[in-house]
Each structure stands twice: as C-alpha cells, then as structure tokens.
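In what follows, a single structure is set out as structure tokens and then discussed.
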Amino acid sequence: MRIDLLTLFPAMCEAVLSESIIGRARKAGFVTIACHDIRAFSQNKHRHVDDYPYGGGAGMVMQPDPIFDCFADLCGRLHTRPRLVYLTPQGRRFDQDTALRFSKLDNLCLLCGHYEGVDERVLEEIVDEEISLGDFVLTGGELPALCVADAVARLLPGVLAGEESWQEESIASGLLEYPQYTRPPVYHGRTVPEVLLGGHHAQIEDFRRKAALARTRARRPDLLETAALTEADGAFLQALHAAQAENGAE
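Mapping of the sequence shown onto the UniProt record's numbering: position 4 corresponds to residue 4, and the numbering continues sequentially without gaps.
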C-alpha cells in the first residue's frame, strides 16, 4: 500500500513517520509513505498558499491552485488517482472500521489543511472524503493525518508481529483492552492478579475477557451496543450490574 500526505510541513511529518513501528515498516517495504510540500506548487514569489476569504472574516484560507497542482503532480507520477481524504473537524468521525477500510486501498492520499481551511472548490472537485479525529480544533491537519497513517499502516500484513496484535487491542476487538501487567509482580504494594502468574491459558483468557467487559462497561458502555457478545458475556455483565446495584454503586 502507498500513503501520500499533501502538507505545508513535510519535515514535521517525516520526523514522525520515520520512527517506531511505522518507520520500520517503511524500511522493510510493507508500506510506502511520501510527503509532498504544497508550498512547492505556489505561483507566488514568496511561496504564499493562502489569501483573505471573500466576504470578510477572520483568518486566511488555503488557495485552490497549489493544492490542485500538488495533487495533479502526484497523480501524474503514480499514473493513477489515489483516494483523497481531507482532514477537517467538519468530517465524519474516524474510527477503526474506517482505518480497516482505508487499509484495503492501494493508494490513499491525505490532505492536511491549515488556517481557516481550504477553498471550497477543492472539496467539490477533488476531495473524495472528509475525516475528523473528533470535536476539537488543531492548528493544522498534520497531526490528524499522521494518526490516520499510523492507524492504517499497522493493519497492513507484516507491519505488526502477528495479526492478533491489532485484533486484540482496544476498540479493534469491539471492547476496551483488558489491564496489562509486567515485572515486578509487586509494586508499591499492588500485586499482579494471581491468575496471570499461573500459566493456565484458559483461565487467563477468561480473566482478560471479563476484565475487558468490566472496563468497557465502566468507561465506554456505548461500545457494548455493537460489540459481539456471547451468552456468557451477557450473563457476566448482568451479574456485574446486579452486584453493583446491590452495593449501591449505581
């Protein structure tokens, strides 16, 4: 798979994309990621890519021509048209299902906006989809684009040690992840649950499943509405609810 970022800050993006798992995946050839400087396509001698909005208002708007030209140049060199996704607070909320959908593409291009956003004609003519990380505002689209690139890349074959590595993680499984422990077995008087030290895999799996259910119910009960739950899961959640109600926790 190939992921391209259209950005005003390619060095910033490269610094992140060259580290950790995604950096190793790039070196190993499991994913190709390239950053393209929108400013390089400015026709302004000062390399400006923004201007005042028609109709007045605060801030500046990214001009359409540098973005159009940058994307057209990429399409020409790839001999194909990637799916172009614009990162914006006005977009649809990004989630694990979207990351999985993106990971099945051959080419994904992420457009990083800045200032008050991009000229609407860019969205109308070349953007295929608008994505948001949440209901908050950032300085630009680079950080959301990096999050999307990381979430997508880790789903690709070979990037992680095993497929189960991402399938068991929070959200990917439909539940929040169970608590994790490592050495030492006792720290500040707090001990690792005995079941995790016994080596009985079935008991460990049962403990982790119940811990994930309990944590999801406490922190993100909305996830339980769509999670794939077994009869045993339902019985555990009912027992948990009853116990907490009896203890006055609810």
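For glycine and all other residues, C-beta sits at the position ideal for the given N, C-alpha and C.
Touching by the beta-carbon criterion (3+ pairs, under 8 Å), the stretch 182-198 and the stretch 142-162
Touching, no, given that fewer than three Cβ pairs across the two stretches are closer than 8 Å.
Between the stretch 72-92 and the stretch 129-145, can you find at least three pairs of beta-carbon atoms closer than 8 Å?
Segments in contact, yes.
- Task: Use the C-beta contact count for T139: other C-beta atoms within 10 angstroms, 16 or more gives buried, fewer gives exposed.
- Result: For the purposes of this step, residue 139 is taken as the residue at position 139 of the sequence shown. In the assembly as shown, T139 is an exposed residue. Its beta-carbon has fewer than 16 other beta-carbons within 10 Å.
>> I'd like the ranges of any beta strand (DSSP E) spanning at least 3 consecutive residues and lying wholly in the stretch 94-144.
In response: Complete beta strand (DSSP E) runs here, min 3: 107-112, 129-132.
Q.
Measuring straight from C-alpha to C-alpha, what distance separates E19 and A145?
A. Locating residue 19 in the sequence shown gives position 19, counting from the first residue. Locating residue 145 in the sequence shown gives position 145, counting from the first residue. Rounded to the nearest whole angstrom, the CA to CA distance from E19 to A145 is 16 Å.
Review point. With burial defined as no fewer than 16 other Cβ atoms inside 10 Å of the residue's Cβ, what is the status of E142: buried or exposed?
Key: Taking the sequence shown and counting its residues from 1, the one referred to as residue 142 is at position 142. A residue is called buried when at least 16 other Cβ atoms come within 10 angstroms of its Cβ; E142 meets this threshold and is buried.
Looking only at C-alpha atoms, which of A227, G158, R2 sits nearest to E177? Here residue 177 refers to the residue found at position 177 of the sequence shown. Check the Cα spacing between E177 and each of A227, G158, R2: the tightest is with A227.
Pairwise C-alpha distance: F94 and V137
As a first step, residue 137 must be located in the sequence shown, where it is residue number 137. As a first step, residue 94 must be located in the sequence shown, where it is residue number 94. Approximately 15 Å, taken between the alpha carbons.
Discussion item. Using the three-state DSSP reduction, which class does A232 fall into: helix, strand or coil?
Written reply: Start at 1 with the first residue of the sequence shown, and residue 232 comes out as number 232. Helix.
Alpha carbons only, please: which of E124, S103, A15, R190 is nearest the one belonging to V159? Within the sequence shown, numbered from 1, the residue matching residue 159 stands at position 159. The shortest C-alpha to C-alpha distance from V159 to any of E124, S103, A15, R190 is the one to S103.
Nearest-angstrom Cα distance between E164 and D222?
-> Here residue 164 corresponds to residue number 164 of the sequence shown, with the count starting at 1. Here residue 222 corresponds to residue number 222 of the sequence shown, with the count starting at 1. Its pLDDT being 46, under 50, E164 is placed unreliably by the model, and the measurement read from it follows with that caveat. The straight-line gap from Cα to Cα measures roughly 24 Å.
Exercise for review: Kindly list the residues whose CB is nearer than 8 Å to the CB of V61, restricted to its own chain and excluding five residues on each side of it in sequence; keep chain order.
Suggested key: The count along the sequence shown starts at 1 and reaches residue 61 at position 61. Here the set comprises D50, D51, Y52, P53, Y115, E116, G117, V118, D119.
Classify L197 as buried or exposed, calling it buried when 16 or more other Cβ atoms lie within 10 Å of its own Cβ. Against the sequence shown, residue 197 aligns to sequence position 197. The residue in question, L197, is exposed, as its Cβ has fewer than 16 Cβ neighbours within 10 Å.
Discussion item. So, with DSSP's three-state summary, where would you put M12?
Written reply: Locating residue 12 in the sequence shown gives position 12, counting from the first residue. Helix.
*By how many angstroms is the C-alpha of A214 removed from the C-alpha of T98?*
Taking the first residue of the sequence shown as 1, we reach residue 98 at position 98. Taking the first residue of the sequence shown as 1, we reach residue 214 at position 214. If you draw a straight line from the Cα of T98 to the Cα of A214, it comes to about 26 Å.
_For a minimum of 4 consecutive residues, which ranges assigned as the alpha helix (DSSP H) are wholly contained in the stretch 14-82?_
Within the stretch 14-82, the complete alpha helix (DSSP H) runs of at least 4 residues are 20-28, 64-78.
Quick one: is A25 buried, meaning 16 or more other Cβ sit within 10 Å of its Cβ, or exposed?
Looking up residue 25 in the sequence shown gives position 25. If you draw a 10 Å sphere on the C-beta of A25, you find 16 or more other C-beta atoms in it, and that means buried.
*Can you pull the DSSP bridge partners for V85?*
Position 85 of the sequence shown holds residue 85. Paired residues: L110, E129.
Original post:
Helix, strand or coil: which one does DSSP assign to Q203?
Top reply: As a first step, residue 203 must be located in the sequence shown, where it is residue number 203. Residue state, collapsed to three classes: helix.
Query raised in the report: Considering residue 251, what are the terminal residues of the beta strand (DSSP E) in which it resides?
Result: With the chain represented from 1 up to 250, any question about residue 251 goes unanswered, as that position is not in the structure.
Just to check my reading of the structure: L5 and C35 have Cβ atoms closer than 8 Å, yes? What is that Cβ distance to the nearest angstrom? By 1-based counting over the sequence shown, the position of residue 5 is 5. By 1-based counting over the sequence shown, the position of residue 35 is 35. Yes, L5 and C35 are in contact; Cβ-Cβ is about 5 Å, under 8 Å.
Q | Nearest-angstrom Cα separation, counted from D65 out to Q238 | A | Numbered from 1 along the sequence shown, position 238 holds the residue referred to as residue 238. Numbered from 1 along the sequence shown, position 65 holds the residue referred to as residue 65. Their Cα atoms are separated by approximately 58 Å.
Go through its chain and collect everything with a Cβ distance to V127's Cβ below 7 Å, but skip five positions before and after it. Working through the sequence shown from its first residue, we reach residue 127 at position 127. Answer for V127: L84, Y86, L111, listed in chain order.
Please say whether L108 and I21 have beta carbons closer to each other than 8 Å? Within the sequence shown, the letter at position 21 stands for residue 21. Within the sequence shown, the letter at position 108 stands for residue 108. L108 is positioned such that its CB atom lies no closer than 8 Å to that of I21.
- Pick helix, strand or coil for V186, following the three-state DSSP scheme. Along the sequence shown, one-based indexing puts residue 186 at 186. Here DSSP, grouped into helix, strand and coil, assigns V186 to strand.
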